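Novice: Here it is, the structure in full.
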Amino acid sequence: MALERLFRRRRAQGEARDIPELWVKCPKCDAQIYKKNLESNLHICPKCAHHLRMPANKRIEMLADAGSFEQTTGLKPTDPLGFVDTEPYLKRLERYQKEAGRPDAIVGGRCTIGGVESMLLVMDYAFAGGSMGSVVGEEITRGVELAAQENRALVIVSVSGGARMQEAALSLMQMAKTTLALDRLWAKRLPYVSILTDPTTGGVTASFAAIADVILAEPGALIGFAGPRVIKQTIRQDLPEGFQRSEFLLKHGMVDQVVDRRKLKATVTTILRLLHPRTVNHAE
Amino acid sequence: MRRRQPQQGVPMPLEFEKPIEELEAKIAELEGFAASSGVDLSGELQVLRERLAQLKTETFEKLSRWERVQLARTPGRPTTLDVIAGIMTEFVELYGDRTYGEDPAVVGGLARFEGTSVVVVGHQKGRDTKENIRRNFAMPHPEGYRKAMRLMDLADRFGRPFISFIDTPGAYPGISAEERGQAWAIAQSIQRMARLRVPAIAIILGEGGSGGALAIGVGNRVLILENAWYSVISPESCAAILWRDAREAAKAAEALKLSAPDLLSLGVVDQIIPEPSGGAHRDPATAIANIKQALAVNLEDLLKLGPEELFEDRYRRFRGLGQYQS
């Protein structure tokens, strides 16, 4: 669980907040990008096409048909263990909620995607590095159950440092719960497309994100079980170039396609239309 | 008590065991002297034995979560193969994942338990350093989980109960494991086990390290030994991230609420299997007998359910886990 990196980055962002951020530096090619240009370009660097992290709301805008999204998520987290590290979990939650503008690290709801009735769930990295605790697990599970009940296709966009430490064993159990829920969907032959974005690691990769009918990854995304820092510490060697990136996973047979964000909606639409039972006879 | 082999990272004896072991040594020495010299020391010995009993009670009845974690890792604790040998007969070990290779960190096969033919799988720690290296300290690669899934197929096909023993620091975090889809193997194993139409019982023997443990932990019943732990992350790794110092592991162990009583109250486990005073390594035979008894009772219950009932029972068990507000 490479959460340390996330916390460090968060702190850096917090300090810089006083200065209006008009420009963003591309982490890949160092180009200075005017923020508005970046946003209008789906958060892809106009110079080198590096895919920067995309806010959850923008994801929904990009994937759901205009005006079709109807939010179903909204559960709030609790502190089941009374977890205190250098700061109480409840304090952290308050801060994350303020920063992300939502109760936990997920948002989702009913929508159509290319006309196909769907359930879309999007994780939010801005909230505790997209970590999965009870709320994320329950929202995913409810989303899957709703899709099964209403004959909807399921699309989940993952971005996560893994299971949330502050809910310990209960976070771990969300891996089982979400995975079990997917059986309900499969029993009705409804398609599930999992989209892996930068980064997707730990307990999210090792549960619902990895067992979809079709798994797509955005270019250059870090995807894996263990975080690179943990692996480096374990084997005491440098990691090969491109290790755990989307293209590496494609080469090793773990994802179906690496898809440019600008083509993501079209690709998802085609897959859903080909697989969803209700569209079998009247596809374009 | 069995002779313990030194192992990396595990002080021996454990810090809180030292006064006990010193006193035990002193008693043994006096007993030896009394026997060889013929001097009657029974009065002195009696006093020392009483003090020992009192010291043990004081030490073992108020173990911290971190001390329990250390007990869970201590050499001499029964491993999966020890338990299989102790409670089952006709064990036929089956090797390999039929895809890539054989992972010695996961063992499994066919066996008979109290007259019932079962399929059994478990993480396997080494009983000495050499074996631990061979078994990668019970940290499986994807092929370990694929072996487990193959055995789950076998259990379903022949309608045999599936028994798993959990004892791993975690799935192996390495290049080879990532290349071969560690996350995929774990997710698939969770799903495969959830789909079993036969009774599934998981028993946490020592360490329940995160997803690597859960991959074979989707039982209708999940039982845990008294001093075993089960968590989303090890105390050391948690401390390294949240406290930025792995030496704060004791604090992390407390915060993670990873002990058997914690897990029982959270509903993560269904039953605690008692260990002999001071931990399973002090009297493995008693620990193994307790495991046998708990397994027998739970298996008998589950054998009353039909295939679909077992599947739904498992679904319900995990569906209810988690705490949130609407």
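Keeping their order, the protein sequence lines are chains A and B. Once you know that position 36 of the first sequence is 36 in this note's numbering, the rest is easy, because the numbers rise by one and skip nothing. Count along the second sequence starting at 1, add 284, and that's the number in this note's numbering. Even for Gly, the Cβ is constructed at its ideal location relative to N, Cα and C. Nothing here was measured: the structure is a model prediction, and the numbers come from that model.
(1) For the segment 539-551 of chain B, list every residue whose C-beta sits within 9 Å of some C-beta in chain A, in sequence order.
(2) Using a beta-carbon distance below 9 Å, is residue 535 of chain B in contact with chain A?
(3) Rounded to a whole number of angstroms, what is the C-alpha to C-alpha distance between residue 211 of chain A and residue 53 of chain A?
(4) Starting from the N-terminal side, write out each stretch of the beta strand (DSSP E) that is 3 residues or longer and does not extend beyond the segment 420-466 of chain B.
(5) For a test of the three-state rule: what should DSSP assign to residue 492 of chain B, helix, strand or coil?
(6) Listing by chain order, which chain A residues have their CB less than 9 Å from the CB of residue 502 of chain B?
(7) Measure from the alpha carbon of residue 99 of chain A to the alpha carbon of each residue in A:129, A:114, A:83, A:115, then state which is nearest.
(8) I'd like to confirm the pairing. Which residues does DSSP put opposite residue 64 of chain A in its beta bridges?
(9) Hey, could you find the ends of the alpha helix (DSSP H) residue 186 of chain A is sitting in?
(10) With distances taken between CB atoms, is the gap from residue 203 of chain A to residue 495 of chain B smaller than 9 Å?
(11) Under 8 Å, with one C-beta from each stretch per pair, do the segment 161-176 of chain A and the segment 214-223 of chain A reach the 3-pair mark?
(12) What does residue 85 of chain A touch in chain B if you count any residue whose Cβ is under 7 Å from its own?
(13) Could you give the DSSP three-state label for residue 473 of chain B: helix, strand or coil?
(14) Looking only at its own chain, which residues have a Cβ that is under 8 Å from the Cβ of residue 58 of chain A, when we skip the five neighbours before and after it?
(15) Is the shortest distance between the beta-carbon of residue 14 of chain A and the beta-carbons of chain B less than 9 Å?
(16) Between the segment 74-102 of chain A and chain B, which residues of the former have a C-beta closer than 7 Å to a C-beta of the latter?
(17) Please return the same chain residues whose Cβ sits closer than 8 Å to the Cβ of residue 644 of chain B, not counting the five positions on each side in sequence.
(18) Return the chain-ordered list of same chain residues with a C-beta closer than 7 Å to the C-beta of residue 469 of chain B, the five sequence neighbours on each side being excluded.
(19) Nearest chain A C-beta to residue 611 of chain B closer than 9 Å, yes or no?
(20) Do the segment 516-530 of chain B and the segment 470-480 of chain B meet, that is, are 3 or more Cβ pairs less than 8 Å apart?
(21) In three-state terms, what does DSSP make of residue 565 of chain B?
(22) Using a Cβ-Cβ cut-off of 6 Å (strictly less than) and excluding sequence neighbours within five positions of residue 565 of chain B, which residues of its own chain qualify?
(23) When DSSP labels each residue in this structure, what does residue 271 of chain A get in the three-state scheme?
(24) Please list the residues of the segment 153-177 of chain A that have a C-beta atom closer than 7 Å to any C-beta atom in chain B, keeping them in chain order.
(25) Tell me, which residues are paired with residue 517 of chain B by DSSP?
(26) Tell me whether residue 528 of chain B sits in a helix, a strand or coil according to DSSP, three-state version.
(27) Taking residue 245 of chain A as part of the beta strand (DSSP E), name the residues at either end of that continuous run.
(28) Along chain A, in chain order, which residues have C-beta atoms closer than 8 Å to that of residue 586 of chain B?
(29) Can you tell me which of the three DSSP states residue 559 of chain B falls into?
(30) Starting from residue 32 of chain A, trace the beta strand (DSSP E) in both directions and tell me its first and last residue.
(31) Taking the runs of the alpha helix (DSSP H) that are 4 residues or longer, which of them lie wholly in the segment 354-423 of chain B?
(32) Are the C-beta of residue 458 of chain B and some C-beta of chain A separated by less than 9 Å?
(33) When Cβ atoms are compared, which residues of the segment 197-229 of chain A fall closer than 7 Å to chain B?
(34) So which residues of chain B does residue 62 of chain A contact, with C-beta pairs closer than 8 Å?
(35) Can you find the residues in the same chain that come closer than 7 Å, C-beta to C-beta, to residue 349 of chain B, ignoring five residues on each side of it along the sequence?
Specialist: Taking the coordinates as given:
(1) 539, 540, 541, 542, 546, 547, 550, 551
(2) yes
(3) 23 Å
(4) 446-452
(5) strand
(6) 176, 179, 180
(7) A:129
(8) Residue 64 of chain A pairs with nothing; no bridge assigned.
(9) 168-187
(10) yes
(11) no
(12) 526, 527, 539
(13) helix
(14) 39, 42, 43
(15) For residue 14 of chain A, the predicted model reports a pLDDT of 48, less than 50, meaning its position is unreliable; a value from the coordinates is still stated below. By this cut-off, residue 14 of chain A is not an interface position.
(16) 75, 76, 77, 78, 80, 81, 83, 84, 85, 86
(17) With chain B running from 285 to 610 in the structure shown, residue 644 of chain B is simply not present.
(18) 426, 429, 430
(19) This structure cannot settle anything about residue 611 of chain B, because the visible part of chain B is limited to 285 through 610.
(20) no
(21) helix
(22) 358, 360, 361
(23) helix
(24) 163, 165, 168, 169, 170, 171, 172, 173, 174, 175, 176, 177
(25) In the DSSP output, where bridge partners are listed per residue, residue 517 of chain B has none listed.
(26) coil
(27) Premise fails: residue 245 of chain A is in no beta strand (DSSP E) and is neither H nor E.
(28) Within 8 Å Cβ-Cβ: nothing; residue 586 of chain B doesn't reach chain A, min ~18 Å.
(29) coil
(30) 32-34
(31) 364-371, 413-418
(32) yes
(33) 203, 205, 206, 207, 210, 211, 224, 225, 226
(34) Residues of chain B passing the Cβ test: none, with the nearest at roughly 25 Å.
(35) 537, 538, 542, 543
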